[in-house]
Amino acid sequence: MLIALVVSLVVFIAIGMPIAFSMGLASVVALLVDGSVPLIVLPQKMYSSLDSFPLLAIPLFILAGSIMNVGGITTSLVGLARALVGHLQGGLGHVTIITNVLFSTISGSAAASAAAVGSMLIPEMKKDGYRAEDAAVINAAGAILGPIIPPSVVMVIYGAMTGLSIGTLLLTGIGPGILVALVLMAAVAILARRSTLKTYPRAGLADTGRAVWQAIPALIMPAIIVGGIVSGFFTATEAGVIAVAYGVLFALGTRRSTLGQLAANLSDATIVSSSIMIILGGAALFGWIVAREGVPAMIAQWLQATTDQAWVVMLLVLVVLLVVGIFIEPIPAMVMLVPVLQPIADAYGFNPYHFAMVITFGVLLGSLTPPVAVLVLITCKIARVDVNRANRPLIAVFLCLVVALFLIAFVPWISLIAPRLLG
């Protein structure tokens, strides 16, 4: 059964079938080859995997972020970022990174961050002296902060799959998010030394205060979500409902949106959420067969017989994450790997919340690497530059992010300090 599962999965992916259907059909093939399990089990497993109260938070988070991404919100976040770091050498490069940090607290989506922030800042970066490919890569790299910094749809999925506390998972993203932002800003600073790039005058206290005031409405939403979940006032799903209600009141109350636009937001959120649920359904079948065949236990036993060094196992996990991330998009990669890797983490005593962040950030790097490179494709389209021209700056930025990944993997307190202080 296991051989049929793996071979059929590879074949389906190789012919270009979407990963959700590849996992689902590979599971069907495996059961047909085995013959001992009736096919009626498949829809039952899919239904039971999606019949989860925490998963209701996914469409709600997506809808809330879509509603808040209305006229003026991104502008106010850019204004705050410019006031904070616009005077640094590299100017808008640093502003782009900080804007992505701020926007991540609203969207929770890498693609949304790349499109919203990139469409506003990439043209301005080109005017300030950045090459189009550099501007595209910096924006794409900053956008991966979306699924790391809370609130994060990816962390909701991880929590629903593993039973870990979603509130604690959200908090684990704070430390790594700050680290990644600092690493990217260091990369921008190095780039700025080799180019003549515009910088902005240091903002005064009054200008900074005004920028903070204008950005407060956008920043209230993540405070509601994370604060409410961590304090125990409500669950992740209930936080999603409150966030949507706040977003609707904000959008209509400030007249930044209309009922027609809200209907469009609802339609977009439905489409995105449906695609995620299809992926989760297919992954549930795949994971069930993998667990039924005892694959995680076999791998854990083999590793324990091979080495007793936890750092060696972590290094192997990082290699797997980077390789899989190159070929498969982040969410499908995560839902495929978690059922296999989580038992290994338990066997070697890795903190489950720290390990969750390692897996999440590891597969996210695939969003920057060909042939997937979803974020680079989005930002290169905005920058009106051929994707191949972005390869050189992309390699440099990717190596910086790999350094950040290794720090996150081998220095657990980076992920755990926020949950311990705030949880």
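Position 99, counted from 1, in the sequence shown is what the numbering used here calls 101; the numbers after and before it change by one each time, with no gaps. We put the CB at the ideal spot given by N, CA and C, even for glycine.
Of the residues the options, the one placed nearest residue i, counting alpha carbons only
i, options, result
"SER417", "VAL365, PRO395 and HIS356", "HIS356"
"ALA285", "VAL274, VAL337, LEU324 and GLY165", "VAL337"
"ILE222", "SER51, ARG386, ARG422 and LEU79", "LEU79"
"GLY206", "LYS129, PRO125, LEU181 and LEU86", "LEU86"
"ALA137", "SER29, GLY262, VAL378 and PHE236", "VAL378"
"ASP53", "ALA266, ALA162, ALA335 and ALA191", "ALA162"
"VAL315", "LEU268, LEU82 and LEU305", "LEU305"
"LEU94", "ALA83, LEU104 and VAL103", "ALA83"
"ALA113", "PRO414, LEU366, VAL413 and HIS96", "LEU366"
"ASN71", "PHE329, ILE42 and LEU104", "LEU104"
"ALA6", "SER29, ALA16, ILE17 and PRO20", "SER29"
"THR174", "VAL39, LEU186 and TYR160", "TYR160"
"LEU65", "PRO332, LEU409, TYR248 and ALA307", "TYR248"
Inter-residue CB distance, residue i and residue j (contact presumed, cutoff 8 Å)
i, j, result
"ILE301", "ILE346", "6 Å"
"MET48", "GLY289", "Between GLY289 and MET48 the Cβ distance is about 11 Å, and since that is not below 8 Å, they are no contact."
"ALA106", "LEU172", "In the sequence as presented, Ala is not what sits at residue 106; that position holds Ser. About 12 Å; that fails the 8 Å criterion."
"LEU318", "GLY26", "Actually they do not touch by this definition, with Cβ atoms about 28 Å apart."
"LEU4", "GLU295", "5 Å"
Helix, strand or coil at residue i according to DSSP, with G and I counted as helix
i, result
"ILE380", "helix"
"ALA220", "helix"
"GLY18", "coil"
"MET163", "helix"
"ALA205", "coil"
"ARG257", "coil"
"ASN393", "helix"
"GLN91", "coil"
"GLU295", "coil"
"PRO61", "helix"
"ARG212", "helix"
"ASP348", "helix"
"TYR248", "helix"
"ALA375", "coil"
"ILE42", "coil"
"SER111", "coil"
"THR237", "coil"
"TYR49", "helix"
"SER54", "coil"
"ASN267", "helix"
"MET122", "helix"
"MET70", "helix"
"PRO354", "helix"
"PRO421", "helix"
"MET3", "coil"
"LEU367", "helix"
"ASP130", "coil"
"ASP388", "coil"
"VAL232", "helix"
"GLY37", "coil"
Residue i burial status per 10 Å Cβ neighbour count (16 or more: buried)
i, result
"ALA217", "buried"
"GLN344", "buried"
"LEU193", "buried"
"ASN431", "The first residue shown for the chain is 3 and the last is 425, placing residue 431 beyond what the model contains."
"SER233", "exposed"
"ARG204", "exposed"
"ASN390", "exposed"
"ALA225", "exposed"
"SER276", "exposed"
"LEU423", "exposed"
"ALA406", "buried"
"ASP388", "exposed"
"PHE235", "exposed"
"LEU184", "exposed"
"PRO421", "buried"
"PHE363", "buried"
"ASP310", "exposed"
"ILE273", "exposed"
"THR98", "buried"
"VAL119", "buried"
"ALA76", "With the sequence shown as reference, residue 76 is identified as Thr, and Ala is not the correct amino acid for it. It counts as buried."
"ASP348", "exposed"
"ILE1", "Given that the chain is displayed from residue 3 to residue 425, the structure contains no residue 1 and the question cannot be resolved."
"VAL228", "buried"
Chain D within 8 Å of residue i, Cβ atoms only
i, result
"VAL365", "In the structure shown, chain D cannot be found, because there is only a single protein chain."
Start-end ranges of the alpha helix (DSSP H) lying completely within the region 310-340, minimum 4 residues | 312-329
Could you tell me which uninterrupted alpha helix (DSSP H) segments, each at least 4 residues in length, are contained entirely in the region 140-192, listed from first to last along the chain?
-> 155-164 and 168-174
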